[in-house]
Amino acid sequence: MSQTSLKIVPISPKPRAQRQTLTEAKVRAAKAHAQRYEINDTDVPGLALRIGTDAKVYILRSRLGTGRQSKRVQIKIGDTRTITLKQARDLARAHTLDLRNGIDPRVPQTGAICTAQLLDLYEEDLIARQIVRTTDMMQSLRKNLHPHRTRPIGDLTRLDLTVIIDGIEKSGRPGAADYFRKNATGFLNFAADKGHIPVSPLAGYRRPRQTRAQRLSDELWTMTAPEQVKRFLKALSASPDPIFQAFLRFALLTGQRRNEIAHMRWSELDTKTTLWTVPADRTKTGTTHTVPLGSQSRTLLKNLAKLTGAKPGKTDALIFPSARRLNTPISGWSKRIVPVRKAYGDNRLTIHGLRRTYRTGLTELGIDFDTAERMIGHKRPGLAGTYDKSNILDRRVEAQFAWEAHIGELT
Numbered sequence: 130m131s132q133t134s135l136k137i138v139p140i141s142p143k144p145r146a147q148r149q150t151l152t153e154a155k156v157r158a159a160k161a162h163a164q165r166y167e168i169n170d171t172d173v174p175g176l177a178l179r180i181g182t183d184a185k186v187y188i189l190r191s192r193l194g195t196g197r198q199s200k201r202v203q204i205k206i207g208d209t210r211t212i213t214l215k216q217a218r219d220l221a222r223a224h225t226l227d228l229r230n231g232i233d234p235r236v237p238q239t240g241a242i243c244t245a246q247l248l249d250l251y252e253e254d255l256i257a258r259q260i261v262r263t264t265d266m267m268q269s270l271r272k273n274l275h276p277h278r279t280r281p282i283g284d285l286t287r288l289d290l291t292v293i294i295d296g297i298e299k300s301g302r303p304g305a306a307d308y309f310r311k312n313a314t315g316f317l318n319f320a321a322d323k324g325h326i327p328v329s330p331l332a333g334y335r336r337p338r339q340t341r342a343q344r345l346s347d348e349l350w351t352m353t354a355p356e357q358v359k360r361f362l363k364a365l366s367a368s369p370d371p372i373f374q375a376f377l378r379f380a381l382l383t384g385q386r387r388n389e390i391a392h393m394r395w396s397e398l399d400t401k402t403t404l405w406t407v408p409a410d411r412t413k414t415g416t417t418h419t420v421p422l423g424s425q426s427r428t429l430l431k432n433l434a435k436l437t438g439a440k441p442g443k444t445d446a447l448i449f450p451s452a453r454r455l456n457t458p459i460s461g462w463s464k465r466i467v468p469v470r471k472a473y474g475d476n477r478l479t480i481h482g483l484r485r486t487y488r489t490g491l492t493e494l495g496i497d498f499d500t501a502e503r504m505i506g507h508k509r510p511g512l513a514g515t516y517d518k519s520n521i522l523d524r525r526v527e528a529q530f531a532w533e534a535h536i537g538e539l540t
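Residues 130 to 540 in the working numbering are what the sequence shown lists, from first letter to last.
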């Protein structure tokens with residue numbers, strides 16, 4: 130019987146964990162072995178460099194809480210290709226402090242993100258959902274939440290928010306206060322839905338019911354009599370800014386929304402300046418809206434072009450720019466409207482009231498409901514809006530000329 134010869138192959142011993150003060154040079158020089166091994170850092174207790182076959186990572190071993198009964202945990206700090214030794218040590222020290230206080234860094238902490246960071250995430254969400262008024266909504270939020278921008282969102286209280294709302298109202302801007310409240314409600318609901326806060330601080334918030342006296346004083350301002358329109362047109366001269374004067378007159382003539390007009394560009398007009406096409410990304414309904422222009426509004430635009438030096442149809446410039454910056458849309462409504470309100474004699478006068486005046490005037494002129502609604506950019510309700518895609522442009526052009534002729538008679 131033959132005897133089989135056996136070849137004995139020595140087995141490499143498992144590398145033992147080493148202990149030394151880590152440096153960037155030592156981290157780079159650490160070589161992979163057949164088995165994974167670690168080098169414990171003497172500078173930060175619990176921090177170790179783990180060397181695998183394809184990567185080198187920093188890890189932290191510690192306890193969650195204090196005492197021998199506390200749970201042992203292991204946390205991955207980061208890959209050496211994306212984090213420096215100094216950063217790993219700083220994170221390890223911070224994590225160790227949290228762990229001693231019973232906070233597990235691996236578990237996202239509710240309310241830890243700061244307000245400014247969450248606003249950025251909210252803006253990304255609005256853009257992804259193609260919300261038309263994203264710019265205006267974010268401007269209202271960032272401006273009014275600016276004092277709290279660095280605070281953790283979880284620290285924001287209902288008192289903080291109601292102080293902001295009340296402050297805006299006391300400054301004589303009830304519309305801006307209500308707009309901020311609506312935007313803040315949406316923002317905080319987003320924060321709660323994403324798990325950044327357990328519940329919105331404004332959940333269940335209701336404004337006090339108005340008394341009868343308040344309802345009478347806050348009745349929406351609308352001009353329903355020719356004498357009121359005459360008085361308004363005369364009051365326009367009280368504004369020291371001719372561009373703002375033209376803006377208010379154009380709002381009365383066309384009945385379009387404030388921001389749609391403020392961002393209006395010469396390139397949106399046809400060559401004969403008879404049609405203005407408002408792009409879908411600027412309308413409240415999210416659809417393109419065509420606005421016919423009559424003789425009064427066309428003359429106004431021509432005079433405005435001479436004032437600003439623009440060339441209609443040959444430029445993408447703003448039609449109603451800020452007086453100081455020609456590439457910035459007109460704004461600052463609350464201050465600009467004050468001289469006109471005083472001259473008119475009614476503090477309820479608003480730009481949106483001109484839109485209501487326009488819509489009311491169309492009815493007074495005998496314009497049918499469907500045509501009048503389409504002229505101010507409202508969608509047809511229900512199934513009519515789903516199936517009827519006509520634009521009844523001829524009827525709207527006729528109605529626009531009738532309205533502008535009516536205004537012309539008053540001037």
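All residues carry an ideal CB built from backbone N, CA and C; glycine is no exception.
This one's a predicted model, so the numbers in the text were calculated from it and none came from an experiment.
C-beta atoms of Leu404 and Leu430 nearer than 9 Å = no
Which whole-angstrom value describes the C-beta separation of Ile168 and Tyr187, a residue pair presumed to lie in contact below a C-beta threshold of 8 Å?
-> 10 Å between Cβ atoms; not a contact.
Any idea what DSSP makes of Thr428, helix, strand or coil?
-> helix
On the three-state DSSP scale, how would you describe Asn169?
-> strand
Which value, in whole angstroms, describes the spacing of the CA atoms of Ile260 and Lys323?
-> 18 Å
Confirm, please, whether the CB-CB distance from Leu349 to Arg485 is below 9 Å.
-> yes
Simplified DSSP assignment, three categories, for Val292 = helix
Span of the beta strand (DSSP E) holding Arg201?
-> Lys200 to Asp208
Could you check what DSSP says for Val407 in three-state terms: helix, strand or coil?
-> strand
From Val328 to Lys413, what distance separates their C-alpha atoms?
-> 29 Å
List in chain order: all unbroken alpha helix (DSSP H) runs of 4+ residues lying wholly within the segment 294-329.
-> 303-322
Checking contacts by CB at 9 Å: is Arg197 closer than that to chain C?
-> Of the protein chains in the structure, only one exists, and it is not chain C.
For Ala177 versus Asp170, is the C-beta distance shorter than 9 Å?
-> yes
Could you please give the first and the last residue of the uninterrupted beta strand (DSSP E) stretch that includes Arg192?
-> Lys185 to Leu193
How many Å lie between His277 and Pro441 at the Cα?
-> 44 Å
Does the distance from the CB of Ile505 to the CB of Gly415 come in under 9 Å?
-> no
Where Thr556 falls: helix, strand or coil (DSSP) = This structure leaves residue 556 out entirely; the chain is present only between 130 and 540.
Give every residue of the same chain whose Cβ lies closer than 8 Å to the Cβ of Pro369, excluding the five residues on either side of it in the sequence, and list them in chain order.
-> Pro468
Counted within 10 angstroms of its Cβ, other Cβ atoms place Pro510 as buried (16 or more) or exposed = exposed
Beta-carbon contacts of Thr245 that lie in its chain and below 6 Å, excluding the five residues immediately before and after = The sequence given here places Ala at residue 245; Thr does not occur at that position. Around Ala245: Arg278.
What runs of the alpha helix (DSSP H), each 4 residues or longer, lie entirely inside the segment 209-270?
-> 214-229 and 244-257
Check whether the Cβ atoms of Phe379 and Ser426 lie closer than 9 Å to each other.
-> yes
Please determine, among Ala154, Gly181, Pro174 and Asp172, the residue with the shortest C-alpha to C-alpha distance to Arg165.
-> Gly181
Under 9 Å between the Cβ atoms of Leu447 and Leu381?
-> no
Kindly identify the DSSP beta-bridge partner or partners of Leu178.
-> Ile168 and Tyr187
Looking at the structure shown, is Leu447 part of a helix, part of a strand, or coil, going by DSSP?
-> strand
Using the rule of at least 16 other Cβ atoms within 10 Å of the residue's Cβ for burial, across every protein chain shown, is Gln147 buried or exposed?
-> exposed
Per DSSP, cross-strand counterpart(s) of Arg419 | First, the amino acid is wrong: residue 419 is Thr here, not Arg. Note: Thr419 sits in a beta bridge opposite Thr406.
Cβ neighbour criterion (16 or more within 10 Å) applied to Thr540 = exposed
Once you ignore the five residues that flank Glu527 on each side, which residues in its own chain have a CB closer than 8 Å to its CB?
-> none
Is the beta carbon of Tyr473 sitting closer than 9 Å to the one on Ala364?
-> yes
For the alpha helix (DSSP H) that contains Arg485, what are its first and last residues?
-> Ile480 to Glu493
Please confirm if the segment 150-165 is in contact with the segment 197-217, defined as three or more CB-CB distances below 8 Å between the two stretches.
-> yes
Looking at C-alpha atoms only, which residue of Arg218, Glu389 and Ala439 is the closest neighbour of Thr417?
-> Glu389
Return yes when the C-beta of Gln246 is under 8 Å from any heavy atom of the ligand NAD, and no when it is not.
-> This structure simply doesn't include the ligand NAD, nor any ligand for that matter.
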